[in-house]
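According to my numbering, the sequence shown holds residues 261 to 340 in order. Ideal placement from N, C-alpha and C gives every residue a C-beta, glycine not left out.
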Amino acid sequence: MDKISPSKYLCWVVHLDGMEEKHDESVDRAGVFKKAVEAVQSALDRGYRVCTNSTVFRTSDIDDLSDLFRLVSDLGVKGQ
Numbered sequence: 261m262d263k264i265s266p267s268k269y270l271c272w273v274v275h276l277d278g279m280e281e282k283h284d285e286s287v288d289r290a291g292v293f294k295k296a297v298e299a300v301q302s303a304l305d306r307g308y309r310v311c312t313n314s315t316v317f318r319t320s321d322i323d324d325l326s327d328l329f330r331l332v333s334d335l336g337v338k339g340q
């Protein structure tokens with residue numbers, strides 16, 4: 261982020277498959293969710309546009325996805 265200035269033509273896209281437990285299980289790696297959320301917050305704090313992208317599986321928990329969408333909205337993400 262230090263090398264690229266915020267621009268209306270640039271949007272950081274962060275992939276999240278659910279809240280922490282579900283996301284980390286989906287990517288088979290603990291701690292990824294926290295790092296992703298920290299990166300989203302950092303980008304927003306620096307003035308970047310941020311969008312999120314999620315894969316919905318047949319086994320996805322609707323309540324978990326609802327919590328995720330609420331979280332990213334509360335963070336200030338405009339595109340979900």
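Query: I'd like the span of the alpha helix (DSSP H) that includes Arg330, first residue to last.; Result: 322–335
Query: Please name the residue in Tyr269, Gly307, Phe317 whose C-alpha comes closest to that of Asp262.; Result: Gly307
Query: Between the beta-carbon of Ser320 and the beta-carbon of Gly278, is there less than 9 Å?; Result: yes
Query: Within the same chain, show all residues whose beta-carbon is closer than 6 Å to that of Asp305, passing over the 5 residues directly before and after it, in chain order.; Result: none
Query: Assign Val273 to one of two classes, buried (16 or more other C-beta atoms within 10 Å of its C-beta) or exposed (fewer than that).; Result: exposed
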